[in-house]
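K.L.:
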Amino acid sequence: MVEKKPSVRSQDPGQRRVLDRAARQRRINRQLEALENDNFQDDPHAGLPQLGKRLPQFDDDADTGKKKKKTRGDHFKLRFRKNFQALLEEQPVQAPQTDPSAPSVQCVASPLLILVSAAELDTVLFDALAHTKRHGV
Amino acid sequence: MATLVLDNGAYNAKIGYSHNSVSVIPNCQFRSKTARLKTFTANQIDEIKDPSGLFYILPFQKGYLVNWDVQRQVWDYLFGKEMYQVDFVDTNIIITEPYFNFTSIQESMNEILFEEYQFQAVLRVNAGGLSAHRYFRDNPSELCCIIVDSGYSFTHIVPYCRSKKKKEAIIRINVGGKLLTNHLKEIISYRQLHVMDETHVINQVKEDVCYVSQDFYKDMDIAKLKGEENTVMVDYVLPDFSTIKKGFCKPREEMVLSGKYKSGEQILRLANERFAVPEILFNPSDIGIQEMGIPEAIVYSIQNLPEEMQPHFFKNIVLTGGNTLFPGFRDRVYSEVRCLTPTDYEVSVVLPENPITYSWEGGKLISENDDFEDMVVTREDYEENGHCICEEKFDI
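As C-alpha cells, this is what we get:
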C-alpha cells in the first residue's frame, strides 16, 4: 500500500473561501480571457526613450510614393485601429436592413453540449447565459 | 499579369505567386529583450539570436484583423524588395478573410489594397472556399464537402455545396492553436517551471510532443504509471540558445527515470500534457468552454442540412489548418464521427498532405481558371463603384 502524500493545499478553515456562482463565473471568465493573451510579459520596448528622427541613409527611397504613404499613415492610425470589442458593438448598427436571424459573427458560435444529465442541467443553463453574455451573442 | 496568392492567417501568412511555390511566414512582428530598439517583422525572426522571452505583436485579435498598423508593416515587408517585390500595377491578388468578417474590416481591406497598394485586381475569399475548390479539383465527381479549418484563433466547420458555402450550417468553435499553447504554458508553469514568457519555445514544445489520444482515459492511466511502464512520458530538453539552438526530446535510452539529470540542461517532463492539451479541440468543456468539440460539431452541422445532402457531406470531410497536424488527429475525428453517424452512411475524413498550405493551393488553382477574370474586382471597377461592387461579388 502506498502511503498518501500529505496534501499541500491549506486545510486551515480561515484560508478557505466558498465562492458563489457569480464569483465562480468571474473566475472562469478571467481564466478564459487570460488564454486569449498574446503575451504574458510587457513590451520590452515600453519605457524606452523615443528615438529621434533617423538621419536619411543612402539607400532609403526618399521619393517613391513615400509622401503619399506619410499622409495616409495618419489617416489609417485614426480610423483603422479599433479593437475587437468595438467592432462587435458596431456590427448590428451597420446593417439594420438585413434579416436579424441571418447568420453573422455573433450567432455562429458552436452550441452548448447537448448531452447533460438532469442534475447538471441547472448549472449548464446558468453557464449558457454567461456564455452568451461573454461572447456578445 | 502575375497573381499573388495570400492566405492571410492570424499566425502565418501563406504567400506566393501562383506560378511559383508557397512560403509559410509569420504574420506578425517580434521584439526581443536582448535585441533592444529593433522590431523584427515576419521571417526576420530567424535573425534573432536569442528568442527567449520573445514578445509578439499580432495584427489579429480573436481571429479578426484589427491592427492595420502592424498588418501594413508586415505587408510592406512581404510585398517589398526583400521578399516578393510586387509590381502592384501588374499584379492581381487573391487574399483570404475569416468567416463573417466585419464590414468595416472588409472596407478597410478594399481601401488598402486598391488605394494604398494599388493592385490591379483583387479577389477576397474565405480560406475554406479555396480549400473546397482544391478538394473538388481532386474529386470532380463529388458535389459536397465539409471543410474543418482548425487554425490559430478558432476552428470553423463549413459545409460547401458546389463551391458555395452553406452559411446557415457554419459552426465556430472558439478553440485554436493560440489557446492550446497558452494553456500548455499555464499548466507547465503551475506544475514545473515558469514559462509564461516563453510563447515561442512552448509553441515548439507543443508541436514536437503533443498528440491526439484515441482513448483519453486509457492514456491517462498509462500516464500515471511510474518508471518504464509510463510509455507516454517524455523528457524535453529546452533550448538555451547558446549550445542548444532548438529543443528536442531525450531519446528513451538516455532518460533518467528516477533522480536528477547530471547534465546542465533544462528539462521538462511531460506526460498527460502531451494529449490533454489537444483534447481541448475535442472537448472544450475540459477548460470551461461550453461548446461542442470538433467531431460533434461536424455531425451537428451536417444534420442541420437537408437530409438528401447529408450522405454527401459525411463522405467528404476535409481537415485543414495547423492543428490537424497533431498525430492521431485524423483517426480520432474519423472514429468519433463514425460513432455518431448512422451505419448506412459512408464516412470519410481526409487529411491532405499539407493541411497548412492546402487553401493556398486552392488559390493557385483558381488563379489559373478561365473565369478568374470574372471573379475579381479590378481597380477600375472599384474606383467607379466603390465598396458595393466588392460586397456583391465576394462571398465572405
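Top line first, the protein sequences correspond to chains D and X. So the first sequence is numbered by the numbering used here: it starts at 1313 and just counts up by one. So the second sequence is numbered by the numbering used here: it starts at 1466 and just counts up by one. C-beta: ideal position from N, C-alpha, C; glycine also.
In chain order, what residues of the same chain lie with their CB nearer than 7 Å to the CB of X:Asn1575, ignoring the 5 residues before and after it?
P.N.:
Position 110 of the second sequence, counted from the start, is the residue given in the question as residue 1575 of chain X. Result list for X:Asn1575: Tyr1847, His1852 and Cys1855, in chain order.
K.L.:
Please confirm if D:Asn1349 has its CB atom under 9 Å from at least one CB of chain X.
P.N.:
Here residue 1349 of chain D refers to the residue found at position 37 when the first sequence is read from its first residue. Closer than 9 Å to some Cβ of chain X, the Cβ of D:Asn1349 qualifies, so yes.
K.L.:
In whole angstroms, give me the CA-to-CA distance for X:Glu1672 and X:Phe1791.
P.N.:
Sequence index remark: in the second sequence, residue 1672 of chain X carries index 207 (1-based). Sequence index remark: in the second sequence, residue 1791 of chain X carries index 326 (1-based). Answer to the nearest angstrom: the Cα atoms are 7 Å apart.
K.L.:
Which two residues bound the contiguous alpha helix (DSSP H) that contains X:Arg1501?
P.N.:
In the second sequence, the residue the question calls residue 1501 of chain X occupies position 36. No alpha helix (DSSP H) holds X:Arg1501; DSSP gives it neither H nor E.
K.L.:
So which of X:Thr1499, X:His1484 and X:Thr1506 has the shortest CA-CA distance to X:Met1492?
P.N.:
By one-based count along the second sequence, residue 1492 of chain X stands at place 27. Note that residue 1492 of chain X is Asn in the sequence shown, not Met. Closest by alpha carbon: X:Thr1506.
K.L.:
X:Pro1776 by DSSP, collapsed to three states: which one?
P.N.:
One-based indexing of the second sequence puts residue 1776 of chain X at position 311. Three-state result, X:Pro1776: helix.
K.L.:
Beta carbons nearer than 8 Å to chain D: which residues of the stretch 1656-1687 of chain X have them?
P.N.:
Answer set for the stretch 1656-1687 of chain X: Met1661, Asp1662 and Thr1664.
K.L.:
Please classify D:Leu1331 as buried or exposed, where buried requires at least 16 neighbouring CB atoms within 10 angstroms.
P.N.:
Translated into positions along the first sequence, residue 1331 of chain D becomes position 19. D:Leu1331 comes out exposed.
K.L.:
In the DSSP assignment, the beta strand (DSSP E) including X:Tyr1810 goes from what residue to what residue?
P.N.:
Looking up residue 1810 of chain X in the second sequence gives position 345. Careful: X:Tyr1810 lies outside any beta strand (DSSP E) and carries neither H nor E.
K.L.:
Please name the residue or residues paired with X:Val1588 in a DSSP beta bridge.
P.N.:
Residue 1588 of chain X sits at position 123 when you count from the first residue of the second sequence. The question names Val, yet the displayed sequence has Leu at residue 1588 of chain X. Looking at the DSSP assignment, X:Leu1588 forms a beta bridge with X:Ile1559.
K.L.:
Please say whether X:Ile1732 and X:Lys1711 have beta carbons closer to each other than 9 Å?
P.N.:
As a position in the second sequence, residue 1711 of chain X is number 246, starting the count at 1. As a position in the second sequence, residue 1732 of chain X is number 267, starting the count at 1. The answer is no: Cβ separation not under 9 Å.
K.L.:
Under 9 Å, Cβ to Cβ, is there at least one residue of chain X near D:Leu1331?
P.N.:
Translated into the one-based positions of the first sequence, residue 1331 of chain D becomes position 19. Not an interface residue.
K.L.:
DSSP puts X:Thr1468 in a beta bridge; with which residues?
P.N.:
Stepping through the second sequence from its first residue, residue 1468 of chain X is reached at position 3. In DSSP, X:Thr1468 forms a bridge with X:Asn1557.
K.L.:
Can you tell me whether DSSP reads X:Pro1792 as helix, strand or coil?
P.N.:
Numbered from 1 along the second sequence, position 327 holds the residue referred to as residue 1792 of chain X. Of the three classes helix, strand and coil, the one that applies to X:Pro1792 here is coil, per DSSP.
K.L.:
Whose C-beta lies closer than 7 Å to the C-beta of X:His1598 among residues of the same chain, with five residues either side of it excluded?
P.N.:
Here residue 1598 of chain X is taken as the residue at index 133 of the second sequence, counted from 1. Cβ within range, chain order: Ser1628, Gly1827, Leu1830 and Ile1831.
K.L.:
Identify, in the order they occur along the chain, each residue of the same chain with its Cβ nearer than 8 Å to the Cβ of X:Pro1820, setting aside the five sequence neighbours on each side.
P.N.:
As a working note, residue 1820 of chain X is residue 355 in the second sequence. So the list reads Leu1784, Thr1785, Gly1786, Gly1787, Thr1789 and Leu1790, once near-sequence residues are dropped.
K.L.:
Could you compute how far the alpha carbon of X:Ser1596 sits from the alpha carbon of X:Asn1604?
P.N.:
Here the question's residue 1596 of chain X lines up with position 131 in the second sequence. Here the question's residue 1604 of chain X lines up with position 139 in the second sequence. Going by the C-alpha atoms only, they are around 12 Å apart.
K.L.:
As an exercise, report each continuous beta strand (DSSP E) stretch of at least 3 residues that is fully enclosed by the stretch 1724-1772 of chain X, in chain order.
P.N.:
With a minimum length of 3 residues, the continuous beta strand (DSSP E) runs that stay inside the stretch 1724-1772 of chain X are 1732-1735.
K.L.:
Against D:Gln1403, what residues of chain X qualify as contacts under a CB-to-CB distance less than 8 Å, listed in chain order?
P.N.:
In the first sequence, counting from the first residue as 1, residue 1403 of chain D sits at position 91. Going along chain X in sequence order, the residues near D:Gln1403 (Cβ under 8 Å) are Phe1567 and Thr1568.
K.L.:
Going by C-alpha distance, which of X:Phe1525, X:Asn1781, X:Leu1471 and X:Glu1845 is nearest X:Val1551?
P.N.:
Numbered from 1 along the second sequence, position 86 holds the residue referred to as residue 1551 of chain X. Taking only the C-alpha atoms, the option nearest X:Val1551 is X:Leu1471.
K.L.:
Can you find a CB in chain X that lies within less than 9 Å of the CB of D:Ala1346?
P.N.:
Here the question's residue 1346 of chain D lines up with position 34 in the first sequence. Judged by the 9 Å Cβ criterion, D:Ala1346 is in contact with chain X.
K.L.:
Using DSSP's beta-bridge definition, name the partner residues of X:Lys1630.
P.N.:
Your numbering for residue 1630 of chain X matches position 165 in the second sequence. According to DSSP, which records beta bridges pairwise, X:Lys1630 is partnered with X:Tyr1625.
K.L.:
May I ask you to list the residues that DSSP assigns as paired with X:Gln1494?
P.N.:
Against the second sequence, residue 1494 of chain X aligns to sequence position 29. DSSP output for X:Gln1494 lists X:Thr1506 and X:Ile1522 as bridge partner(s).
K.L.:
Is X:Cys1853 close to chain D, meaning its C-beta is less than 9 Å from at least one C-beta of that chain?
P.N.:
Locating residue 1853 of chain X in the second sequence gives position 388, where the first residue counts as 1. It does not: the Cβ of X:Cys1853 has no partner Cβ on chain D nearer than 9 Å.
K.L.:
Identify the residues that DSSP records as bridge partners of X:Ser1488: which are they?
P.N.:
What you label residue 1488 of chain X is simply residue 23 of the second sequence in a count that begins at 1. According to DSSP, X:Ser1488 bridges with X:Ile1480.
K.L.:
Counting only C-beta atoms, is X:Gly1518 closer than 9 Å to chain D at any point?
P.N.:
Taking the first residue of the second sequence as position 1, residue 1518 of chain X is located at position 53. Interface residue, yes.
K.L.:
Answer with yes or no whether the minimum CB distance from X:Asn1647 to chain D is below 9 Å.
P.N.:
Position 182 of the second sequence, counted from the start, is the residue given in the question as residue 1647 of chain X. Judged by the 9 Å Cβ criterion, X:Asn1647 is in contact with chain D.
K.L.:
Can you check whether the C-beta of X:Lys1498 is within less than 9 Å of a C-beta belonging to chain D?
P.N.:
Working through the second sequence from its first residue, we reach residue 1498 of chain X at position 33. Answer yes: the Cβ-Cβ gap between X:Lys1498 and chain D drops below 9 Å somewhere.
K.L.:
Under the DSSP definition of a beta bridge, which residues are partnered with X:Val1699?
P.N.:
Counted from its first residue, the second sequence places residue 1699 of chain X at position 234. DSSP, once it has assigned bridges, lists X:Leu1735 as partnering X:Val1699.
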